[in-house]
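Novice: If you're matching them up, the sequences are chains C and D in order.
0 is the number of the first residue of the first sequence in numbering that gives the first Met the number 0; add one for each residue after it.
0 is the number of the first residue of the second sequence in numbering that gives the first Met the number 0; add one for each residue after it.
Take a look at the following structure, please.
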Amino acid sequence: MRMEDDAADVTAARGGDEDAYRRLVERHSRNVFRLAYRMTRSEHDAEDVVQNAFIKAFRRLEHFESRSNFGTWLHRIAANCAYDVLRTQKRRQREEPLEPDPANPEARALPSLGPSPDRLAESADVRARVARAMSRLSPLERSAFVMRHDQGLSIREIGVALGLDTSATKHSIFRAVRKMRVALEPVSEVAS
Amino acid sequence: MNGHLTEEDLLLLHYGELVDAEAAERHLLACDACSAAREALLGDLAALENDAIPERGDDYGAAVWARVQPGLRPPTRLFGMTPRQFAMPAAMAATIVLAFFVGRVTHVAPPSPTPPPQIVEREVVRERILVVAVGDHLEKSRMVLVELSHAGNGKRKVNIAAEQQWAENLLANNRLYRQTAVRAGENKVASVLDDLERLLVEVASGPSELTAEEVATLRKRIDSGGLLFKVKVLGSQLRGRERAPGHDASPKVIS
C-alpha cells in the first residue's frame, strides 16, 4: 500500500503538486532521521541531513525511476548527505577538536573508564557502547556499514554511492564490524 | 569448501553476498567451531540494533515539511528568467564565441601587410560577440555576488539553494569565456573570470545551508581582492566597448 502511495505521490509531485511531496516528506521523515542519526550520531546534524535530503530528492525527482522504491532511493540520497557531513566534520576536526554534542553527550564524550559488571548488564550501557563504537568508525566505515546493515543496500550499490570499488567497500564494512565487535567484547563476555 | 569460514565469509553469508553460500551452509552444519563463530557474530550484530536513537513524535513529518518547503521554492528570477531559461541563450552565445575564436586560432592566412577588408570585419564581429557575451555574463554574475553578499541578513542559518543554482549555471559559461579570453589574448578579462570561477565553484559545490559564520566567510571571499568591484568595472567597460562604433580592442581595466 505504502509503495503504491509513494508511486502516486511521486508522479503527482513531478507534475508540480506540492501537497503530494508534503505527503512523501511526512511519510518518510522518521525513517530518514533514524538513518541520519545512525550515521552522524548527532541530533543537530541528523536534522540538517533530513532537510537537505528532502530538498535534494525534490530537485532530482525527474531522475527517479518509477519502478524503483522511493524509500530506498531517498535513503541513498540521505546516506550521501550524511556522508558529506561526516567528511566535513573530519576536515574540521583536523583544524579544531570537536566539542561534544550537548544533545547527545554520550556519543562523543564517553568516559574512558571501564564500566562495572552490574552496569554492563544494563541495556543503557550496551547502547552507550554501541554509540561509542559507532563514533570511533571513520566516516567511510560508518557510512558503508549503515548502508549495508541498516539500509540493506548491496555492496555494489554502496560502492557506487561512495565512489569505491567492490573490494574497498567490502573492506570498509569488514573493518567497521571488527571495530564494533572489539568495542562490544566485554558485553559479549558477560552475556556468555 | 576447504578450511574454516572467516569472519568476512560469515558476514557476507549473513548479508546474502557470499559467492558460494551453499557450500558455506553445508560446512556450518558439519563444523561446530564455525557454527559457534556465526552465533557470536550474529549476537554482536543483534547488539548493534540496541542503538539509542532519539524518538521523533507523530508530528515530526509536519515539522520537517515546514523546514523543507521554503527550500523547494522556484529559484529567484533574475532578468525575469529562471536559471534554466537564462542558461540557454548564454550557452548559445558562449558556443558562438568559442567557434569564432577557434576559427581565429586555427585559420592560417598567408602573411599580408594589410589584411583584406572582409578579414578585418570578421575580427571585429568576433570581438564584438565576446564583448557582448562576457559583458552580459559579468552582469549576471555581479547580481549573484550581490545576492550572496546580502544573504542571511544576520540569520543563524541561511539557505542559499537558489543562489547556488545560479552559480552552477554560470560556471559552465564562465569556463568557456575564460578559455576564449585566454585564446583571444584578453588577459585582463581572463584574470577576472578566473577569480570569479574560483568563487562560483566554491558556492556551487558547497552546502545549500550556511551558518552565519560561513556566510561571513563567503562575504569576505567576495570582498577580498575586490572581486565584486572588478566584475562591476569590467562589465561596464565591456558595455562601453560594445556601444563604441569602432571600439578599442583592449580593456584598460583591472589591476
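Glycine residues also receive a C-beta, built at the ideal position from the N, C-alpha and C atoms.
Between which two residues does the alpha helix (DSSP H) holding residue 12 (chain D) run?
Specialist: Position 13 of the second sequence, counted from the start, is the residue given in the question as residue 12 (chain D). It spans 6-13 - the alpha helix (DSSP H) in which residue 12 (chain D) sits, taken as one unbroken run.
Novice: When you check each C-beta in the region 217-240 of chain D against every C-beta of chain C, which residues fall closer than 8 Å?
Specialist: Going along the region 217-240 of chain D in chain order, one finds no residue with a Cβ nearer than 8 Å to chain C.
Novice: Would you mind working out which of C:49, C:24, C:123 and C:154 sits nearest residue 49 (chain D), comparing C-alpha positions?
Specialist: Position 50 of the second sequence, counted from the first residue, corresponds to residue 49 (chain D). Looking at the Cα atoms, C:123 is the closest of the given residues.
Novice: Residue 155 (chain D): buried (16+ other C-beta within 10 angstroms of its C-beta) or exposed?
Specialist: The residue given as residue 155 (chain D) occupies position 156 in the second sequence. Its Cβ having fewer than 16 others within 10 Å, residue 155 (chain D) is exposed.
Novice: By the DSSP assignment, the beta strand (DSSP E) with residue 258 (chain D) in it spans what residues?
Specialist: For residue 258 (chain D) there is no data in the structure shown, the boundaries of chain D being 0 and 254.
Novice: Alpha carbon to alpha carbon, what distance is there between residue 138 (chain D) and residue 221 (chain D)?
Specialist: Indexing the second sequence from 1 puts residue 221 (chain D) at position 222. Indexing the second sequence from 1 puts residue 138 (chain D) at position 139. Each residue's Cα considered, the two are about 15 Å apart.
Novice: Give me the subset of the region 23-45 of chain C whose CB atoms are less than 9 Å from a CB atom of chain D, sorted by chain position.
Specialist: So the list reads 24, 25, 26, 27, 28, 29, 31, 32, 33, 36, 37, 42 and 45, given in the order they occur along the chain.
Novice: What residues from chain D crowd round residue 50 (chain C), counting only those whose CB sits closer than 8 Å?
Specialist: As a working mapping, residue 50 (chain C) is identified with position 51 in the first sequence. The contacting residues are 63, 66, 67, 70 and 208.
Novice: Residue 166 (chain C) to residue 238 (chain D), Cα distance in whole Å?
Specialist: Position 167 of the first sequence holds residue 166 (chain C). Position 239 of the second sequence holds residue 238 (chain D). Distance between the alpha carbons of residue 166 (chain C) and residue 238 (chain D): 56 Å.
Novice: Alpha carbon to alpha carbon, what distance is there between residue 3 (chain D) and residue 25 (chain D)?
Specialist: Position 26 of the second sequence, counting from 1, holds the residue named residue 25 (chain D). Position 4 of the second sequence, counting from 1, holds the residue named residue 3 (chain D). About 12 Å.
Novice: How would you label residue 136 (chain D), buried or exposed, when you count the other beta carbons within 10 angstroms and need 16 or more for buried?
Specialist: Residue numbering aside, residue 136 (chain D) sits at position 137 when the second sequence is read from its first letter. Residue 136 (chain D) should be labelled buried.
Novice: If distances are taken between C-alpha atoms only, which option among C:144, C:13 and C:168 comes closest to residue 62 (chain C)?
Specialist: Along the first sequence, one-based indexing puts residue 62 (chain C) at 63. With distances taken between Cα atoms, residue 62 (chain C) lies closest to C:13.
Novice: By the 10 Å Cβ neighbour count, where 16 or more other Cβ atoms means buried, how is residue 184 (chain C) classified, buried or exposed?
Specialist: Locating residue 184 (chain C) in the first sequence gives position 185, counting from the first residue. Exposed is the call here.
Novice: Within the 7 Å Cβ cut-off, does residue 43 (chain D) reach chain C?
Specialist: Working through the second sequence from its first residue, we reach residue 43 (chain D) at position 44. Closer than 7 Å: yes.
Novice: Under the assumption that residue 225 (chain D) contacts residue 28 (chain C) (Cβ atoms under 8 Å), give the Cβ distance between them as a whole number of angstroms.
Specialist: In the second sequence, the residue the question calls residue 225 (chain D) occupies position 226. In the first sequence, the residue the question calls residue 28 (chain C) occupies position 29. With 8 Å as the limit, residue 225 (chain D) and residue 28 (chain C) do not qualify as a contact, their Cβ atoms being about 45 Å apart.
Novice: For residue 209 (chain D), report the span of its beta strand (DSSP E) as first-last.
Specialist: In the second sequence, counting from the first residue as 1, residue 209 (chain D) sits at position 210. That run of the beta strand (DSSP E) goes 208-210.
Novice: Decide yes or no for the touch test of the region 191-203 of chain D against the region 169-182 of chain D: beta carbon pairs closer than 8 Å, at least 3 of them.
Specialist: Yes: at least three Cβ pairs fall under 8 Å.
Novice: Please find out if some non-hydrogen atom of the ligand PLP comes closer than 6 Å to the beta-carbon of residue 41 (chain D).
Specialist: This structure simply doesn't include the ligand PLP, nor any ligand for that matter.
Novice: When the Cα atoms are used, what is the spatial distance from residue 12 (chain D) to residue 20 (chain D)?
Specialist: By one-based count along the second sequence, residue 12 (chain D) stands at place 13. By one-based count along the second sequence, residue 20 (chain D) stands at place 21. Going from the Cα of residue 12 (chain D) to the Cα of residue 20 (chain D) covers about 6 Å.
Novice: Going along chain C in order, which residues have a C-beta closer than 9 Å to the C-beta of residue 159 (chain D)?
Specialist: Here residue 159 (chain D) corresponds to residue number 160 of the second sequence, with the count starting at 1. None at all; the shortest Cβ gap to chain C is about 12 Å.
Novice: Please determine if the region 71-78 of chain C and the region 44-63 of chain C are in contact, where contact requires at least 3 C-beta pairs separated by less than 8 Å.
Specialist: Touching, per the Cβ criterion.
Novice: For residue 27 (chain C), report the span of its alpha helix (DSSP H) as first-last.
Specialist: By one-based count along the first sequence, residue 27 (chain C) stands at place 28. Residue 27 (chain C) -> alpha helix (DSSP H) spans 17-39.
Novice: Buried or exposed for residue 164 (chain C), please, with buried defined as at least 16 other CB atoms from any protein chain shown within 10 angstroms of its CB.
Specialist: One-based indexing of the first sequence puts residue 164 (chain C) at position 165. So residue 164 (chain C) ends up on the exposed side.
Novice: Do you know how far the Cα of residue 41 (chain D) is from the Cα of residue 160 (chain D)?
Specialist: Within the second sequence, the letter at position 161 stands for residue 160 (chain D). Within the second sequence, the letter at position 42 stands for residue 41 (chain D). Approximately 44 Å, taken between the alpha carbons.
Novice: Could one say the Cβ of residue 162 (chain D) lies closer than 7 Å to chain C's Cβ atoms, at least one of them?
Specialist: As a first step, residue 162 (chain D) must be located in the second sequence, where it is residue number 163. By this cut-off, residue 162 (chain D) is not an interface position.
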